[in-house]
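I have placed the structure first, in the form of structure tokens, so that the comments after it can refer back to it.
Numbering (my numbering), first residue to last: 173 to 435.
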């Protein structure tokens with residue numbers, strides 16, 4: 173039967189602690205998550221902060237999985253927006269040409285917009301971090317299992333292509349990605365090995381060649397294709413893949429292979 177999914181190894185991720193929306197300091201001052209670095213002398217002052225643009229903006233960032241901005245950062249962002257609007261108007265008057273400073277600010281605005289859009293995407297790295305931050309191991313494993321797309325033996329390890337059968341899938345991966353199961357003549361459970369590799373990719377989001385962990389199946393598959401990682405090595409991974417092979421037969425058939433007996 174296929175090996176159990178090795179998700180325990182995927183749970184050892186760094187997760188930042190969740191922060192409460194409101195705190196009361198030892199000196200009885202009030203603090204709010206949406207006003208980092210600030211304190212309020214009374215509860216009334218803090219409630220007045222709830223009606224500010226800074227509070228509303230940082231709430232949106234919290235939902236998107238982004239850290240809150242300080243008041244100075246927020247004001248700079250607002251001022252940049254005013255400058256960009258003025259620059260756009262001036263650019264129109266000049267026939268569409270931007271100055272060096274305007275191009276730099278435009279690049280920064282596009283970068284920030286891209287980060288915020290990625291955080292709103294439930295499959296993005298920021299969204300996945302926000303969803304798993306603070307989870308215990310069991311909850312994290314449950315989350316990974318729920319997020320994993322459905323797959324079977326016809327599903328490509330390196331793309332979302334789906335073949336009609338395991339045999340057709342192996343032929344497709346060899347043709348499109350140059351992927352072959354190592355020492356196939358000694359593999360005693362081809363279906364079990366492919367299923368185990370699919371668990372690593374589709375559930376654990378682990379790259380087969382480098383063992384790097386990614387935030388989604390799309391990300392890990394793109395990494396393996398881009399970095400030439402569409403391969404599996406038996407050498408050095410005997411403990412992980414050995415149960416799918418006739419290791420004694422492989423050692424007897426290859427003068428370069430040795431099997432150490434463990435007492």
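Positions of the beta carbon are idealized from the N, C-alpha and C atoms, including for glycine.
Here the structure is a predicted model, which means the values were calculated and not measured.
Buried/exposed call for residue i, threshold 16 Cβ in 10 Å
i: residue 254; result: exposed
i: residue 372; result: buried
i: residue 420; result: exposed
i: residue 321; result: exposed
i: residue 422; result: buried
i: residue 383; result: exposed
i: residue 352; result: exposed
i: residue 376; result: buried
i: residue 222; result: exposed
i: residue 356; result: exposed
i: residue 245; result: exposed
i: residue 186; result: Note that residue 186 scores 31 on pLDDT, short of 50, meaning its location in the model is unreliable; the coordinates nonetheless yield the value given after this. Under this definition residue 186 is an exposed residue.
Close Cβ partners of residue i (< 8 Å) along its chain, the five nearest in sequence each way excluded
i: residue 336; result: 326
i: residue 338; result: 325, 326, 362, 363, 366
i: residue 280; result: 252
i: residue 231; result: 206
Spatial neighbours of residue i in its chain, beta-carbon cut-off 6 Å, leaving aside the 5 residues before and after
i: residue 218; result: 202, 204, 212
i: residue 396; result: 330, 379, 402
i: residue 272; result: none
i: residue 210; result: none
i: residue 228; result: none
C-alpha distance - residue i paired with residue j, whole-angstrom precision
i: residue 354; j: residue 315; result: 32 Å
i: residue 317; j: residue 252; result: 43 Å
i: residue 243; j: residue 310; result: 38 Å
i: residue 141; j: residue 257; result: No answer is possible for residue 141: it lies beyond the span of the chain, which begins at 173 and ends at 435.
i: residue 226; j: residue 238; result: 14 Å
i: residue 248; j: residue 394; result: 36 Å
i: residue 173; j: residue 208; result: Note that residue 173 has pLDDT 43, beneath the 50 cutoff, so the model's placement of it is unreliable and the number below is only indicative. Using only the alpha carbons, I get a separation of about 53 Å.
i: residue 400; j: residue 411; result: 24 Å
i: residue 206; j: residue 261; result: 33 Å
i: residue 259; j: residue 234; result: 30 Å
i: residue 340; j: residue 285; result: 42 Å
i: residue 358; j: residue 348; result: 24 Å
i: residue 416; j: residue 408; result: 15 Å
i: residue 333; j: residue 426; result: 35 Å
i: residue 282; j: residue 343; result: 42 Å
i: residue 224; j: residue 240; result: 14 Å
For residue i: DSSP bridge partner residues
i: residue 385; result: 378
i: residue 229; result: Its beta-bridge partners do not exist; DSSP assigns none.
i: residue 212; result: 202
i: residue 417; result: 359
Close Cβ partners of residue i (< 7 Å) along its chain, the five nearest in sequence each way excluded
i: residue 398; result: none
i: residue 374; result: 320, 321, 323, 389
i: residue 215; result: 202
i: residue 392; result: 373, 377, 378, 379, 386
i: residue 424; result: none
i: residue 369; result: 329, 380, 404
i: residue 418; result: 358, 360
heavy atom of the ligand GTP below 7 Å from residue i C-beta
i: residue 425; result: Here there are no bound small molecules, and the ligand GTP is not part of this structure.
- Task: Any chance you could list the beta strand (DSSP E) runs of at least 3 consecutive residues sitting entirely within the stretch 310-375, in chain order?
- Result: none
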